[in-house]
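Numbering (the working numbering), first residue to last: 123 to 902. From the three backbone atoms N, C-alpha and C, an ideal C-beta is built for every residue, glycine too.
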Amino acid sequence: MKTISILLLTFMPIFAIAQSSITGTVTDAEGHPLDGVTITLSQLNKYITTAITDLGHFTLKDIKGIKGPNGISNAPYTLTATSMGYQSYTKEWQLPADSIHIILQADQKQLQGITVSAAKPLIERQTDRVVFNVENSIIASGGTSWEALTKAPGVTVNSDNSISAYRKDVQVYMDGKPLHLSGDDLVNYLQGLPSSTITKIEVLTNPPASFEAQGGSIINIVTKKVKKQGINLALNGNYIQGIYGSYNGSATFNYRQDKVNIYGNYGYGHKHTYMDNRTYINFGDSYWATNDHTILASNSHNYRLGADYQLTDNQILGVLVTGNNRAGQNEGNIPTNIYSADKSTLDSTLQTNSTDKKYGSGYTYNINYSLKMDSGKRSFNVDLDYAPYATSSYAHVNSDNDYRIYTPTTQHINILSGKADYVYTLNKWNLTSGFKYSSIKSDNKFSFIESDVLMPDKSNHFRYTENTSALYTSISGTFNKLTVQGGLRAEYTNTRGYSISLDSLNKRNYFKLFPTLYLQYNQFQLTYSYRIDRPEYARMNPARHYSSPYNYYVGNPALQPAFTHNIELAYTYKENYTLTANYTSTSNIFTNVTVQDNATKTYYITHQNLGASINSGLRISAAFHPASWWDINAEAGGYFTQEKSAYLQGHYNIKMFSYDGRLNQTFTIDKKNGIAAEVTAQYIGPGIQNIYRSKVLSEVDLGVKANVLKGKGTLRLTANDIFNAFTYRVSINYLDQQSTFYHKNESRLATLSFSFRLGKDIKAARNRNTASEEEKRRAQ
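Below you can see the structure in the form of structure tokens.
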């Protein structure tokens, strides 16, 4: 701890530079703080920045004067404040200015009628993130939250449901705190939430130091929350038709009266779909072709209940409870045809059937305190969390060669964590400092029962603990045309993984510094970050999960973290066109690997730390407005990838150029009745990941919407992957490893959705980064 303290005292002055900002408050005529008020700053009729009030407070950041023929203009700034049911506020200000207090007057005419306000653009490119406004997308807001996530700019989902953003691994947040799910559990959770409950998705390719150092990129899903006075309610429902039918629904409520705010939501989802996995393996003296057709059915419940009490005008005490419960069953029909080496003769067929019943639950109990001082110039926040999490699986595998196994599995994870953040202004410097401590305990039990007999040598009991202490600080400011933001995060971690059955112990202690840096000069921007990617807990569980007598999955308790350097240089022209060059280098990368044993004819998936993965590329994004009723957002990129590592008994060094593109078009058909249409298309070229080579992916989606019930309701109809082309095809040709994979999740779906609002408009949720954020993401 002494080392960390010295480091923090050392690096805090390094980035001591200024940044212009304005803080203020907004109240009604009776002095009540107003939430969800849009504050916009402009100069010479040109937009500069915007903010949304939270409990009546707002902060406008990144304020830069408009450049004129004689340099930066000295013209006054124009500040506007708008909110449904209130008269617009406009006033000119000369900066620098002290804290601003705005009083909005009620607009009785507006309250009696329907007001149509200008919508945000579908995609916004801000200093440190790309914002995808889901509520403005017909396709993204007409299905599930998982589908909305896959439509965000730069986001790609791999065949194992791992997510990347602009070719970087990601950490998924919701309302400022990471989700405690990954892989299939993350998919099931988000598929149980209608996307109509989301207001936007933020993609941060180089997150600042205040975020966890975990993950190459961050995706933050921001949900809607009613925050007006009185009782408010929003209802949503979707029906999804593919080969089978699925549906989900949700209700979001809020009651705010004076100092008390009670809010919550509940969502239920039923999923019924299929998945095809075809594997073709050349074992040298024989060729095996397996077709795994699995039918999946699941039910999920997701809920949240919170309360905030305003102790004083500047203090809030809150409690928040979130939870999810899932239950499902997978039924697989797995025939394997065994051919001669030249594929000319069918020697035999092995028929395997599998059934896997799965259950999961996760809860977070949070208490939080927030204090704002000096008219919002300083703030102090504390979060304490307890997050228990549990999953269980009961899998049966039966083959026609009398192979019969039963493998019950349970996992329990307990997370205790606490964090404190202090945000303050020192002269013209904006500084943020914080501390976090977390303790995680995971207990995993796996039993292998063959023909009703417990096999102790194949069973496993694995325990994992991890404790992490973190300190961070960041400072930002502006000098003339140069804006700089720098930060440093220091983390000390100790881990212990012990397999009781194997009597195998893996321990690791490490201290790491994670710097971040942002430089912006006029339209040029340079960012750098150094980050860590820790493996999910389930990746380290050595228990084996069989899908057939010759095919299984096994974790690796010896997995170590990977470390990534990210550099980006961007240039923006006329706000609508951005050219970005990026370089990402990851060392000690851990990833899924497949191993075939030609002697025993077994084929299994595990995880392993490999060497380096290097990706450099150039991408361009553009927004066009050919007509008042037609908007276009386009993005395309080219990338050079190099993968190199020692692996098995050899070494690979693979290089490849790849490319991708995404096109979104929206059409306003009848503005008065809210009738609009949307078409999106994406194309992902061939790529590589360690020894895997992937083929082309493509998808085209359509959607239409209309407002109903005097604007209180919205009806949407969408069609995803209309050509049914989104299919993963991967091949391996390395040493004696020769195989091909075909993976198909059901993607051609038609969705009919309806949303209805009672009360006043729904605004974005107040974000709280709870203490257990990072640890929960890695649980499975």
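For Gln232 and Ala203, what's the separation of their Cα atoms in angstroms?
Note that Gln232 scores a pLDDT of 41, beneath 50, so its modelled location is shaky and nothing firm can be said.
Roughly how many whole angstroms lie between the Cα atoms of Ile245 and Lys834?
The straight-line gap from Cα to Cα measures roughly 25 Å.
Among Arg378, Ile711, Thr617, Leu201, whose alpha-carbon lies nearest the alpha-carbon of Asn910?
In this structure the chain extends from 123 to 902, so residue 910 is not present and cannot be described.
Return the Cβ separation of Asn376 and Tyr390 in integer angstroms, given the expectation that the two are a contact with Cβ distance under 8 Å.
No, Asn376 and Tyr390 are not in contact; Cβ-Cβ is about 20 Å, not under 8 Å.
Helix, strand or coil: which one does DSSP assign to Met778?
DSSP places Met778 in strand when its eight states are reduced to three.
Where does Tyr544 sit, in a helix, a strand or coil, going by DSSP?
Correct three-state label for Tyr544: strand.
Under DSSP, the alpha helix (DSSP H) around Glu868 begins and ends at which residues?
Careful: Glu868 lies outside any alpha helix (DSSP H) and carries neither H nor E.
According to the Cβ coordinates, are Leu785 and His729 closer than 9 Å?
Contact: no.
Is Thr181 helix, strand or coil by DSSP?
It is a strand residue.
What is the rounded straight-line gap between the Cα of Leu641 and the Cα of Leu439?
Approximately 37 Å, taken between the alpha carbons.
Should Met662 be labelled buried (16 or more other beta-carbon atoms within 10 Å of its own) or exposed?
With 16 or more other Cβ atoms within 10 Å, it is buried.
Taking the alpha carbon of Asn370 as the reference point, which residue from Pro316, Gly825, Asp505 has its own alpha carbon closest?
Nearest C-alpha to Asn370: Pro316.
With 16 other CB atoms within 10 Å as the buried threshold, where does Phe584 fall?
Buried, because 16 or more other Cβ atoms sit within 10 Å of the Cβ of Phe584.
Can you tell me whether DSSP reads Ser669 as helix, strand or coil?
Strand.
Expressed to the nearest angstrom, what Euclidean distance is found between the alpha-carbon atoms of Val238 and Asn358?
Note on Val238: pLDDT 36, under 50, position unreliable in the model; no value is reported.
Entirely within the segment 422-474 and at least 4 residues each: give me those alpha helix (DSSP H) ranges in chain order.
Listed in chain order, nothing qualifies, since the segment 422-474 has no complete alpha helix (DSSP H) run of 4 or more residues.
Does Gly809 pass the burial test, meaning 16 or more other C-beta atoms within 10 Å, or should it be called exposed?
It counts as buried.
In chain order, which continuous runs of the beta strand (DSSP E) of length 3 or greater are located wholly inside the segment 770-835?
Complete beta strand (DSSP E) runs here, min 3: 772-792, 797-806, 809-811, 814-816, 819-830.
Mapping the DSSP letters down to three states, classify Arg888 as helix, strand or coil.
The predicted position of Arg888 is uncertain, since its pLDDT is 45 and thus under 50; a value taken from the coordinates is nonetheless stated next. Reduced to three states, the DSSP call for Arg888 is coil.
Using the beta-carbon count (16 or more within 10 Å), is Gln313 buried or exposed?
Flag for Gln313 reads buried.
DSSP three-state label for Glu86, please.
The structure shown does not extend to residue 86, since the chain is modelled only from 123 to 902, so the question has no answer here.
Just mark Ile365 as buried or exposed, buried being the case when its beta carbon has 16 or more other beta carbons within 10 Å.
Under this definition Ile365 is an exposed residue.
What does a CB cutoff of less than 6 Å around Phe779 pick up in its chain, not counting 5 residues either side in sequence?
Taken in chain order, the residues that qualify are Phe762.
Whether or not the segment 317-328 and the segment 284-302 are in contact is what I'm after, with contact meaning three or more pairs of Cβ atoms, one per stretch, closer than 8 Å; do they touch?
Touching, yes, given that three or more Cβ pairs across the two stretches are closer than 8 Å.
Where does Ala173 fall in DSSP's three states?
The answer is strand: DSSP assigns Ala173 an E or B state.
So what's Val159 in DSSP terms, helix, strand or just coil?
The answer is coil: DSSP assigns Val159 none of H, G, I, E or B.
Please state the DSSP three-state secondary structure of Lys231.
Low local confidence applies: a pLDDT of 49 at Lys231 is under 50, so the model's placement there is unreliable, and no value is given.
Which class does Trp751 belong to by DSSP, given the choice of helix, strand or coil?
Three-state result, Trp751: coil.
What do you reckon, are the CB atoms on Asn475 and Gly454 nearer than 9 Å?
For Asn475 and Gly454, yes; Cβs fall inside 9 Å.
Taking buried to mean at least 16 other C-beta atoms within 10 Å of its own C-beta, is Gly367 buried or exposed?
Its Cβ having fewer than 16 others within 10 Å, Gly367 is exposed.
Looking only at C-alpha atoms, which of Gln363, Val382, Leu355 sits nearest to Ser372?
Nearest C-alpha to Ser372: Leu355.
With burial defined as no fewer than 16 other Cβ atoms inside 10 Å of the residue's Cβ, what is the status of Leu182: buried or exposed?
Per the 10 Å Cβ criterion, buried.
Should Ile362 and Tyr396 be called a contact, given that it needs their Cβ atoms to be closer than 9 Å?
In this structure, Tyr396 does not lie closer than 9 Å to Ile362 by Cβ.
Measure how close the beta-carbons of Leu610 and Leu635 come, nearest whole angstrom, since I'm counting them as under 8 Å.
Rounded, the Cβ-Cβ distance is 6 Å, consistent with contact.
Quick one: what does DSSP say Leu244 is sitting in, helix, strand or coil?
Looking at Leu244 - three-state DSSP - the assignment turns out to be coil, as it is neither helix nor strand.
Per the contact definition of three or more C-beta pairs closer than 8 Å, is the segment 592-612 in contact with the segment 569-579?
With the cut-off at 8 Å, the segment 569-579 and the segment 592-612 do not touch.
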